[in-house]
Each structure stands twice: as structure tokens, then as C-alpha cells.
Amino acid sequence: MVKERKRNNKDKTVSKKESFFDLSSLVPSNLELTIKIQDEDKEMLLEKLEETKNDMLHNWRIVQIIMATGIILSVIGKFYP
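My numbering applies: residue 3 is where the sequence shown begins, and numbers increase by one.
This is the structure in C-alpha cells:
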């Protein structure tokens, strides 16, 4: 099925084609997922998530320091060639 619409800024018409296979029809609009795990496993999982979060924050801070250093050095390089 081909639909045509006119552009507001030009006189040309643009054809809008629907995709051959639409995946959105396969996934319901409200998808709910429930995972049941034992309390011991839940605690271990939460600890690992906390460790991962802390590692990511540490690495992100290092990246920010490196970026700030690069910006400062580039500004200094512009003023003192």
C-alpha cells in the first residue's frame, strides 16, 4: 500500500511505504514480566548489581577527568602555541 503526502515547503510529493514485515504486531503494547528467585540468589544478585554500579561510576569519573584534562590542554594549546 502506498500513501502520498505533500511536503509543506516544496511542491514535490513524497510516497510513504509501509514496511513489508511489521514487528510491532508481534509484541503486545503492555508487556509484563515476572521473575521469581530465591532470597539468597536475590541478595547475591543485588550485591553484584551494586558492585557493577560502583565500578561503572568509578570508570565514568575517570573518563570525565580525562575529558576535562583534554579540554583544558586544548584551550591552553590555543593560547600558547
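Cβ coordinates follow ideal geometry from the N, Cα and C atoms, glycine included. Small disclaimer: the values here were computed from a predicted structure and weren't measured.
- K38 and L48 have their C-alpha atoms some 14 Å from each other.
- For S31, the three-state secondary structure derived from DSSP is coil.
- In the three-state DSSP reduction, I39 falls in the coil class, being neither helix nor strand.
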